[in-house]
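Q: Let me give you the structure first, and then I'll get to my questions.
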Amino acid sequence: MRIPLKKIGNSRGFTIPTAVLEQLGWSEQTVIDMEVTNDGLVFSKGIPDLNELISSVSQGLPDHELSFRQSRGPESSK
């Protein structure tokens, strides 16, 4: 597949066709890693960093589920 580069401000970019995005399972929220190689560019779905993982887990959890206090009930390990 060949796609043209387009001018975007002082940079250049291109549009990824919807069919390709669907095949890859990527959406507008997908973070993409880009690597320059001897042969060109390699794009891959980004691996989330620790802060991204923590924020995705903590959304919607009650505050007491996020506490790192010492256990006080029967769930305490001895």
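Numbering of the sequence shown is given in numbering that gives the first Met the number 0, commencing with residue 0 and proceeding in unit increments. Every residue gets a Cβ at the ideal spot worked out from N, C-alpha and C, and that includes glycine.
Helix, strand or coil: how does DSSP classify T17 here?
A: Within the sequence shown, numbered from 1, the residue matching residue 17 stands at position 18. T17 falls in the helix class under three-state DSSP.
Q: How far does the beta strand (DSSP E) with G39 in it extend, from its first residue to its last?
A: Here the question's residue 39 lines up with position 40 in the sequence shown. Note, G39: beta strand (DSSP E), 39–44.
Q: Check whether the Cβ atoms of T14 and I2 lie closer than 9 Å to each other.
A: On the sequence shown, position 15 is the one that residue 14 refers to. On the sequence shown, position 3 is the one that residue 2 refers to. Taking C-beta atoms as the reference points, T14 and I2 count as a pair closer than 9 Å.
Q: Tell me where the beta strand (DSSP E) around R11 begins and ends.
A: The residue labelled residue 11 in the question sits at position 12 within the sequence shown. Segment 10–12, the beta strand (DSSP E) holding R11.
Q: Quickly, what does DSSP pair E27 with across the bridge? List them, please.
A: Along the sequence shown, one-based indexing puts residue 27 at 28. DSSP lists no partner for E27.
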